[in-house]
Amino acid sequence: MGKWRVMLWAVLVSHTLIEFVGAEDPYRFFDWTITYGDIYPMGVKQRGILINGQFPGPDIECVTNDNLIINVHNNLPEPFLLSWNGLQQRRNSFEDGVYGTTCPIPPGKNFTYIMQAKDQIGSFYYFPSLSFHKAAGGFGGIRILSRPRIPVPFPDPAADFTLLIGDWYKSDHARLRRILDYGRMLPYPDGILINGHGTNGSAASFTVEQGKTYRFRISNVGLRNSLNIRFQGHKMKLVEVEGTHTLQTTYSSLDVHVGQSYSVLVTADQPAQDFYIAVSTLFVASKDLLTTTGILHYSNSQKPVFGLPPPGPTNHIRWSGPRPNPQGSYHYGLINISRTVKLVNRPSQVNGKQRYGVNGVSFTPSDTPLKLADFFKIDGVFRVGSIPDNADGHEPLHLDTSVMGADFRSFLEIVFENQEKTIQSWHLDGYAFFVVGMDGGTWTTSSRTQYNLVDAVSRSTIQVYPRSWTAIYVSLDNVGMWNLRSEYWARQYLGQQFYLRVYSPVESPRDEYSIPKNALLCGRASGRTIPPPA
Numbered sequence: 001m002g003k004w005r006v007m008l009w010a011v012l013v014s015h016t017l018i019e020f021v022g023a024e025d026p027y028r029f030f031d032w033t034i035t036y037g038d039i040y041p042m043g044v045k046q047r048g049i050l051i052n053g054q055f056p057g058p059d060i061e062c063v064t065n066d067n068l069i070i071n072v073h074n075n076l077p078e079p080f081l082l083s084w085n086g087l088q089q090r091r092n093s094f095e096d097g098v099y100g101t102t103c104p105i106p107p108g109k110n111f112t113y114i115m116q117a118k119d120q121i122g123s124f125y126y127f128p129s130l131s132f133h134k135a136a137g138g139f140g141g142i143r144i145l146s147r148p149r150i151p152v153p154f155p156d157p158a159a160d161f162t163l164l165i166g167d168w169y170k171s172d173h174a175r176l177r178r179i180l181d182y183g184r185m186l187p188y189p190d191g192i193l194i195n196g197h198g199t200n201g202s203a204a205s206f207t208v209e210q211g212k213t214y215r216f217r218i219s220n221v222g223l224r225n226s227l228n229i230r231f232q233g234h235k236m237k238l239v240e241v242e243g244t245h246t247l248q249t250t251y252s253s254l255d256v257h258v259g260q261s262y263s264v265l266v267t268a269d270q271p272a273q274d275f276y277i278a279v280s281t282l283f284v285a286s287k288d289l290l291t292t293t294g295i296l297h298y299s300n301s302q303k304p305v306f307g308l309p310p311p312g313p314t315n316h317i318r319w320s321g322p323r324p325n326p327q328g329s330y331h332y333g334l335i336n337i338s339r340t341v342k343l344v345n346r347p348s349q350v351n352g353k354q355r356y357g358v359n360g361v362s363f364t365p366s367d368t369p370l371k372l373a374d375f376f377k378i379d380g381v382f383r384v385g386s387i388p389d390n391a392d393g394h395e396p397l398h399l400d401t402s403v404m405g406a407d408f409r410s411f412l413e414i415v416f417e418n419q420e421k422t423i424q425s426w427h428l429d430g431y432a433f434f435v436v437g438m439d440g441g442t443w444t445t446s447s448r449t450q451y452n453l454v455d456a457v458s459r460s461t462i463q464v465y466p467r468s469w470t471a472i473y474v475s476l477d478n479v480g481m482w483n484l485r486s487e488y489w490a491r492q493y494l495g496q497q498f499y500l501r502v503y504s505p506v507e508s509p510r511d512e513y514s515i516p517k518n519a520l521l522c523g524r525a526s527g528r529t530i531p532p533p534a
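The numbering of the sequence shown is this note's numbering, which starts it at 1 and goes up by one.
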C-alpha cells in the first residue's frame, strides 16, 4: 500500500470512527493482506494462510480503550473472516467476525474492522472463523496493555512474549473440511506447534537475560487438544487469565485448554545455558501423546539444550473450583439470578452424517448473518427460542439455526454439563463471565452450595472435564448477537454452537452502536440501505 493511499485511508476511516467511538481515545491502524503461501511447520510443504506474509500473523498490541482500525484485504480465492477471541466488542456485535454477525470478505475485496479495546487489559488472540481456515493459520496474538496510571499487580517485565501453542495437521485444511462435510471424524493431529514451529528442525526461541523476569502470554490456538506447557528448570507464576489478574500462584507446568489464554512470569534464574520449553497433549492415551519443544535461550548461554525435554505432569491440573481473582469485582454473588440455562452436549448422526449439538439442536448457518437479519427485520432467517434452556442429553438431535433470546441487563446462570469421556472447552463472544463452580457428575440445584460467590475469576473460555459440569454467572450488559460455541473446532463446524441474542427494546445507541457505514451486506440483506447513525 503506497504512502498516499495509507494517508487517505486513515483520514476516511477516522471520520467514520468518530461516529462510533470516543474521539478522545487514541486509535491504531493496521493494514493486513491475507494470502496463501508455502509453510513447513511439520517438515513438509503445506498451504498456509499468511497475514502480510507472516505465519503466525502479526501481534496486535494496544493500550486499553484504544480504537483499533484493522483493514483486511482478502487475497484468497474464497470468502474470509477474522474473529477476536476474548476481545469484547462492546455494543458492537456487527464487528465480531463470525458468520452469524458479519458478512465474509469476498475474494479480492477488503473490509475495515472498527473496534475498541474498551476497559480490557490482558491476553487474547485472533483467528479465521470460516471454512475451517483455522487449520491453515491466520491466527495471532492480541495484547492489551494498561495505561500508565492504572497499575498492574506485578513489576514491569523485562520483555513481553507471545507464545501461541496448538495441535496441527499436515493435511490441507480443505481436505479436513471435506472429511467433515462427508460426515466422518477427523484423524488425530500430526503434531504441536509453538509460534508456527513444529518438528521441522527449527524451534521457536525466546532470548532472555540472566536474572530478569519475563512475561509469556500463552494461548492455545489449536483445533482440539488440551495442552500442558512447562519451562525446563524454571517456575511459572500465573498472573493473568483472559483479562483478569489472578491470585499469583507458582506452577512447574500449566494446562491450557483449547481457546484459552494465560499470562505467566518466568524468571531467568538458572545457569547460563539453553533450556527446553515443552508442550504436550493431555487426556490422551500414551500411544497418542504428542510433544514439541521450543528454546528458552539465555543471552550469555554457555551450553545448548541437553538431555530430554521435561516430562509432562503425572497429574494434570484439575481445579476443584475456580481460581480466585484478587483484583476484586462487584458483588456478583449477591445478585439474584434471572434465569438458569443448562447446556448438555450431544454427538449423534443426522441424516447419516456425524453432527454435534447443544440441547438437542445442531446449528446450521443461515443464508444471511443473523445480526443483519435482526437489524433489517428480515423474516425467516432465524427464530428466537429455537434452542431450549434446559436438556438432559437424551433429546434426539435435529438441525436448526439455533438462537436463544435473553434480556439486556439480566443475570444468567449457565451450566455446561459434559456427559462424555472427553474434555470440552466453551467460549462466549462479547462477554467475560464468572466461573463459580465445577465438579464431577451431574449438576443439580444443590450443587450451588459449593459455588465461589466471592472472588471467582472472570474469563471468556472455560473447560468442562469429562463426566463433569462447570457453572458460570454472566451479566448480560452487552446488547447484540453473540456466539456461544465449542472451541473443539470440528465440533463447532458440525453444529456445537448457537447464538445468544441479547435484546433491548429501547434500541438506543447508548446500548448498541449503529450498524457501521462500511458494513458488508450479503444474503437476504444484499441491496439494503444502511441508515445514517442515530
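Glycine included, each C-beta is placed from N, C-alpha and C at the ideal position.
{"Item": "Segment limits, alpha helix (DSSP H) that includes D374", "Value": "L370 to F376"}
{"Item": "Run of the beta strand (DSSP E) containing Q497, from where it starts to where it stops", "Value": "Q497 to Y503"}
{"Item": "Integer-rounded CB distance, given that W84 should sit under 8 angstroms from G100", "Value": "Not a contact, Cβ separation roughly 14 angstroms."}
{"Item": "Which listed residue (F161, C62 and G57) has its alpha carbon closest to that of Q120", "Value": "C62"}
{"Item": "Y126: first and last residue of the uninterrupted beta strand (DSSP E) it sits in", "Value": "G122 to P128"}
{"Item": "Cβ-based neighbour list, D429, same chain, cut-off 6 angstroms, excluding 5 preceding and 5 following", "Value": "D96, W482 and N483"}
{"Item": "C-beta atoms of F433 and I472 nearer than 8 angstroms", "Value": "yes"}
{"Item": "Residue span of the alpha helix (DSSP H) that contains D407, given as start and end", "Value": "Taken as a continuous stretch (DSSP letters only), D407 belongs to no alpha helix (DSSP H), being part of the beta strand (DSSP E) at S402 to D407."}
{"Item": "Y298 beta carbon less than 8 angstroms from that of Q210", "Value": "yes"}
{"Item": "Of the listed residues K377, M438 and P128, nearest to R448 (C-alpha basis)", "Value": "M438"}
{"Item": "Cutoff 6 angstroms; reference R524; Cβ partners in own chain excluding five residues on either side", "Value": "T368 and I378"}
{"Item": "Beta-carbon spacing of F216, V266 below 8 angstroms", "Value": "yes"}
{"Item": "Straight-line gap, R184 to G201 (C-alpha atoms, nearest Å)", "Value": "33 angstroms"}
{"Item": "Runs of beta strand (DSSP E) wholly within the stretch 52–128 (minimum 3 residues, chain order)", "Value": "60–63, 67–74, 82–85, 110–116 and 122–128"}
{"Item": "Cβ shell of P41 (< 7 angstroms), same chain only, five flanking positions each side left out", "Value": "W168, L193, G196, H197, G198 and N200"}
{"Item": "Proximity of F132 and L176 at Cβ, strictly below 8 angstroms", "Value": "yes"}
{"Item": "Enclosing alpha helix (DSSP H) for A174 [first to last residue]", "Value": "H173 to D181"}
{"Item": "Beta-carbon gap between F283 and H234 smaller than 8 angstroms", "Value": "no"}
{"Item": "Given L247 as reference, the closest of S261, P153 and Y332 once Cα atoms are compared", "Value": "P153"}
{"Item": "G22, DSSP secondary structure in three states", "Value": "Low local confidence applies: a pLDDT of 46 at G22 is under 50, so the model's placement there is unreliable, and no value is given."}
{"Item": "3-residue-minimum beta strand (DSSP E) runs that sit fully inside the stretch 231–301, ordered along the chain", "Value": "236–241, 244–251, 254–256, 261–267, 274–281 and 291–298"}
{"Item": "Nearest candidate by alpha-carbon position, reference I70, set R91, A117, P79 and G37", "Value": "A117"}
{"Item": "Under 8 angstroms between C-beta atoms of S366 and T422", "Value": "no"}
{"Item": "Reduced DSSP secondary structure (H/G/I, E/B, other) of K353", "Value": "strand"}
{"Item": "Spatial distance of A203 from F124 (CA atoms)", "Value": "23 angstroms"}
{"Item": "Neighbour-count burial assignment, P532, 16 or more Cβ in a 10 Å radius", "Value": "exposed"}
{"Item": "Per-residue DSSP class, three states only, for H394", "Value": "coil"}
{"Item": "Identity of the residue in A268, S460 and Y251 nearest Q89 by Cα", "Value": "S460"}
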